[in-house]
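Mapping to this note's numbering: the sequence shown position 51 is 51, numbers consecutive.
Report on one structure; see the data block that follows.
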Amino acid sequence: MNHFDPKVLAKLKTLHLRARFVVDGVMIGIHPSRAKGLSAEFEEHREYSQGDDLRRMDWKAYGKFDRYFIKEYREATNLKTYILLDASSSMSYASDGWSKFDYGATLTASLAYLMLKQQDAVGLTLFSDKIEKRIPPKATHGYLFAILKELEERSPKGETRVGSVLQDLAGSLKRRGLVILISDLLDEDEEVIKGLKQIRSRGSEVIVFHLLDRDELEFPFEKPSLFEDMEEEMKLLTDPRSIRSAYLKTIQSLIEKYRASCASNLIDYLLFNTSVGLDKALIHYLTWREKFRPHL
Numbered sequence: 001m002n003h004f005d006p007k008v009l010a011k012l013k014t015l016h017l018r019a020r021f022v023v024d025g026v027m028i029g030i031h032p033s034r035a036k037g038l039s040a041e042f043e044e045h046r047e048y049s050q051g052d053d054l055r056r057m058d059w060k061a062y063g064k065f066d067r068y069f070i071k072e073y074r075e076a077t078n079l080k081t082y083i084l085l086d087a088s089s090s091m092s093y094a095s096d097g098w099s100k101f102d103y104g105a106t107l108t109a110s111l112a113y114l115m116l117k118q119q120d121a122v123g124l125t126l127f128s129d130k131i132e133k134r135i136p137p138k139a140t141h142g143y144l145f146a147i148l149k150e151l152e153e154r155s156p157k158g159e160t161r162v163g164s165v166l167q168d169l170a171g172s173l174k175r176r177g178l179v180i181l182i183s184d185l186l187d188e189d190e191e192v193i194k195g196l197k198q199i200r201s202r203g204s205e206v207i208v209f210h211l212l213d214r215d216e217l218e219f220p221f222e223k224p225s226l227f228e229d230m231e232e233e234m235k236l237l238t239d240p241r242s243i244r245s246a247y248l249k250t251i252q253s254l255i256e257k258y259r260a261s262c263a264s265n266l267i268d269y270l271l272f273n274t275s276v277g278l279d280k281a282l283i284h285y286l287t288w289r290e291k292f293r294p295h296l
């Protein structure tokens, strides 16, 4: 069974089941050292003293120096992560039953489940044109249920103001950490980029997971159709074949602008078609976590 297929995940009734299913699938498929996450990091050797834990004995050092050495460790610093999930009306679009919000909520739940297993602190911010709900980061496993409760009770509504939300968050960050933005980014691109830059200027790392439905990426429509703006309720009756080329050019230009702007500001950017699996996002996070852990 594919642990990451949205059609499979949609059959699971709760976000907790989905999160466990996704994370278990990721852990099966990756190298064990990456799955360990946080514990402790080797720092130095010291000579053995009576009463020391023999499990920390370095037998290779004994073979080389004919003396007993103990490995000293230091605890790695816990990471504080802020997950920002777009809950505006545009996230409710679904071409085949699973909306962008469903995908984003499942991704959020999976990331939170994984982070708490690694003893990292994680929090959640739900937003539309303003912050709808903010749960500050904590590292207790029971905290997962508070996050899942908010995700399961939320329905997408309202307009999108990603940029202003990012700028508000930047002003409230107390210490360095990781900010993960999960959104379709269908907003004023310059404002979004400005907000991302402000968060980076505060010293936090940023990962952007850009979610778009397959219809938004491919525009597969053939027959005359009524297109409706899900936030402003504007409607347009047109032959999609007459606008397909211009639409695809516009959406690709937007994607490339976000990708280039993120790259120039040392922000990780990943585009996701919501008809494909979530595993790439979690593996990317684990790879990032392994790389940046010593610096946070």
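Ideal Cβ placement from N, Cα and C applies to all residues, glycine included.
Taking the C-beta atoms as reference points, D96 is found no nearer than 8 Å to S261. Its Cα nearest to that of F145, the residue V122 stands out among D129, V122 and M91.
D268 carries a strand assignment under DSSP once its states are collapsed to helix, strand and coil.
Shortest Cα-Cα distance from L248 to any of S90, D215 and L114 involves D215. Rounded to the nearest whole angstrom, the CA to CA distance from S201 to K130 is 22 Å.
Between L116 and Y285 the beta-carbon gap is near 13 Å, outside 8 Å, which marks them as no contact. The beta carbon of D268 sits closer than 6 Å to the beta carbons of I207 from its chain, once the five residues preceding and following it are set aside; these are given in chain order.
The alpha-carbon separation between V23 and F101 amounts to approximately 19 Å. Between L278 and V179, the C-beta spacing is not below 8 Å. Ranked by Cα distance from E228, the options L107, T238 and Y68 are led by T238. DSSP links A121 through a beta bridge to K80. Per DSSP, R134 is one residue of the beta strand (DSSP E) stretching across I131 to K138. Between R244 and the set L266, S264, L169 and E218, the nearest pair of CA atoms involves E218. Closest in alpha carbon position to G142, among A263, L270 and D120, is D120.
Comparing C-alpha distances from A94 to each of T287, L17 and D213 shows the shortest one belongs to D213.
The DSSP-derived three-state label of K157 is coil.
Within the same chain, S261 come within 6 Å of I193 by CB-CB distance, once the 5 residues on both sides are set aside.
Taking a C-beta distance under 8 Å as the contact criterion, F221 and A281 do not qualify as a contact pair.
Across the set I182, G158 and S89, the C-alpha of I182 shows the shortest separation from the C-alpha of L166. Under the three-state reduction of DSSP, D239 is assigned to coil, being neither helix nor strand. The C-beta of P156 has 16 or more other C-beta atoms within 10 Å across all chains shown, which makes the residue buried. D86 has F127 as its beta-bridge partners, per DSSP. When the beta-carbon positions are compared, L254 and G104 stay at least 8 Å from each other.
Across the set A139, K149, T140 and Q118, the C-alpha of K149 shows the shortest separation from the C-alpha of K133.
The Cβ atoms of L196 and R154 do not sit closer than 8 Å to each other.
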